[in-house]
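I have placed the structure first, in the form of structure tokens, so that the comments after it can refer back to it.
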Amino acid sequence: MLRTQSWERMKDLLTVEPAVFFILLFVYYPLIDLLRISFTDMRMLVPDPQPFVGLKNYEWLFLKSGWPLFRESLMITLRYTFWEIFITLFGGMLLALLFNRMTRSFQAMRTIVFMPKYIAVATSAVVFIWILDGNHGILNYLLSLVGIKGPNWLVNASTALTGILFLTGWRVVGYAMLIYLSAMQSIPGEYYEAAAIDGADAVHRFRYITIPMLAPTTVFLLVTTFIASMKVFQSVDVMTQGGPGTATNVLVQWIYNLTFRDFRSARAAAVSVVFFVILLICTAVTMRYTNKSVNYDA
Numbered sequence: 694m695l696r697t698q699s700w701e702r703m704k705d706l707l708t709v710e711p712a713v714f715f716i717l718l719f720v721y722y723p724l725i726d727l728l729r730i731s732f733t734d735m736r737m738l739v740p741d742p743q744p745f746v747g748l749k750n751y752e753w754l755f756l757k758s759g760w761p762l763f764r765e766s767l768m769i770t771l772r773y774t775f776w777e778i779f780i781t782l783f784g785g786m787l788l789a790l791l792f793n794r795m796t797r798s799f800q801a802m803r804t805i806v807f808m809p810k811y812i813a814v815a816t817s818a819v820v821f822i823w824i825l826d827g828n829h830g831i832l833n834y835l836l837s838l839v840g841i842k843g844p845n846w847l848v849n850a851s852t853a854l855t856g857i858l859f860l861t862g863w864r865v866v867g868y869a870m871l872i873y874l875s876a877m878q879s880i881p882g883e884y885y886e887a888a889a890i891d892g893a894d895a896v897h898r899f900r901y902i903t904i905p906m907l908a909p910t911t912v913f914l915l916v917t918t919f920i921a922s923m924k925v926f927q928s929v930d931v932m933t934q935g936g937p938g939t940a941t942n943v944l945v946q947w948i949y950n951l952t953f954r955d956f957r958s959a960r961a962a963a964v965s966v967v968f969f970v971i972l973l974i975c976t977a978v979t980m981r982y983t984n985k986s987v988n989y990d991a
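Here the numbering used here is used: the first residue of the sequence shown is 694, the next is one more, and so on.
So, in structure tokens, the structure goes:
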């Protein structure tokens, strides 16, 4: 009996060990090595050894010339994150409400709306560079038809981030729509029937039934969108490379430039560590705050 239990326990361990090994190798080891590098003076084009410099890179980041750059980059990232979350939640819910009322003959449109999620970010970014071109782009052409002169979206500092958000909205709204639509269709119809009998109109049914029942879905989309938008890189790198000037120089783009343009790997590692801590704290606070007001058993 004991031998059988030991063998079962051994089989369980053998099943789990490969997954644990890969998690340690590809998740925790890079994090630990990143922390180690942040305490050195590692540079891309300088061979080993890597001299230990203690908190010098963090001193540069918070007390010297790195602080204005970090603060500006963080504010740009937060501004981008705010608008991506707004587009995802508001646009996704609006489309879900629309498709939830459509007949089956329109169901194929869901796939069309969701398709941009499957297209590579770099490919989409190249297409949007053409769409947003100030002289020959289709967006400015459409605006000219109604008498509006469109800007050179990706060249002007005031509109470059907006141009990237056009791509973001096109990619994320379909995904959010599908998640919201699935949640809406799982709400029992009896709730709406009872509310209608009590005299509740469509607005009140949406406010007091749909929104509360979608709260867990909203929390899921909020947290995942927050993390994804804070880490935005590909669309920015392809469309603007952080420019014009520093107008779209989000945190990950800045980390990339520090590593591969300035060859200051240790400074980039220090910024990455601080960025990881910010993400961790913000996600924990968001989860703690939203969990207090969300009933997952509803």
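Where is the CB? At the ideal position from N, CA and C, for every residue including glycine.
Excluding five sequence neighbours on each side, which residues of the same chain lie with their C-beta closer than 8 Å to the C-beta of residue i?
| i | result |
| --- | --- |
| R864 | P809, K810, I812, V814, S817 |
| A889 | R898 |
Determine the contact status of residue i and residue j, defining contact as a CB-CB distance below 8 Å.
| i | j | result |
| --- | --- | --- |
| A869 | L914 | yes |
| I769 | V925 | no |
| L854 | T781 | no |
| W846 | G827 | yes |
For residue i and residue j, I'd like the C-alpha separation in whole angstroms.
| i | j | result |
| --- | --- | --- |
| L790 | F763 | 40 Å |
| R954 | P742 | 21 Å |
| L835 | I904 | 36 Å |
| V806 | V866 | 8 Å |
| I872 | L838 | 36 Å |
| I822 | T933 | 9 Å |
| V929 | G759 | 21 Å |
| E886 | I778 | 32 Å |
| T911 | R736 | 43 Å |
| F714 | R729 | 21 Å |
| G938 | V848 | 10 Å |
| L771 | G843 | 26 Å |
| M786 | H897 | 16 Å |
| P761 | A876 | 43 Å |
| R794 | I841 | 34 Å |
| L754 | I716 | 30 Å |
Comparing the C-beta of residue i with each C-beta of chain B, is any distance below 8 Å?
| i | result |
| --- | --- |
| V713 | In the displayed structure, chain B is absent; only one protein chain is listed. |
As a quick exercise: from the options, pick the residue whose alpha carbon is nearest that of residue i.
| i | options | result |
| --- | --- | --- |
| M923 | V912, L907, V945, P905 | V945 |
| A979 | T917, I948, P711, M906 | Going by the sequence as given, residue 979 is Thr instead of Ala. With distances taken between Cα atoms, T979 lies closest to T917. |
| F745 | S758, S731, F714, L787 | S731 |
| L858 | N950, Y721, F969, T774 | T774 |
| C975 | I920, G759, D894 | I920 |
| F969 | L874, I948, M877, T952 | I948 |
| Y751 | S766, V739, T733 | T733 |
| S851 | G936, A889, I890, M786 | G936 |
| F783 | L874, G856, V720 | L874 |
| A908 | V931, Y982, G892 | Y982 |
| V931 | R900, L860, A876, K749 | L860 |
Going by beta carbon distance, what residues of the same chain come within less than 7 Å of residue i, once the five residues before and after it are set aside?
| i | result |
| --- | --- |
| I824 | G830, I831, L832 |
| L727 | A962, S965, V966 |
| K757 | none |
| Y884 | I902 |
| W776 | L858 |
To which residues of the same chain is residue i closer than 6 Å at the C-beta, ignoring the five residues directly before and after it?
| i | result |
| --- | --- |
| I880 | M906 |
| L951 | R957, R960, A961 |
| S766 | N942, L944, W947 |
| said: Report the start-end ranges of each alpha helix (DSSP H) in the region 837-865 that is 4 residues or longer and not cut off at the edges. | reply: Runs of the alpha helix (DSSP H) lying entirely within the region 837-865 and spanning at least 4 residues: none are present.
| field | Sequence ranges, alpha helix (DSSP H) only - wholly within the region 755-799, length at least 4 | value | If we require 4 residues or more, the alpha helix (DSSP H) runs fully inside the region 755-799 come out as 759-779, 785-793.
| What residue ranges within the region 862-934 form continuous alpha helix (DSSP H) runs of no fewer than 4 residues, ordered along the chain? | Within the region 862-934, complete alpha helix (DSSP H) segments of at least 4 residues are found at 882-890, 895-898, 908-923, 927-932, given in chain order.
| task | Only counting runs of 4 or more residues, tell me where the alpha helix (DSSP H) segments fall wholly within the region 795-833, in order along the chain. | result | Assignment of alpha helix (DSSP H) within the region 795-833, counting only whole runs of 4 or more residues, yields 801-807, 814-824 in chain order.
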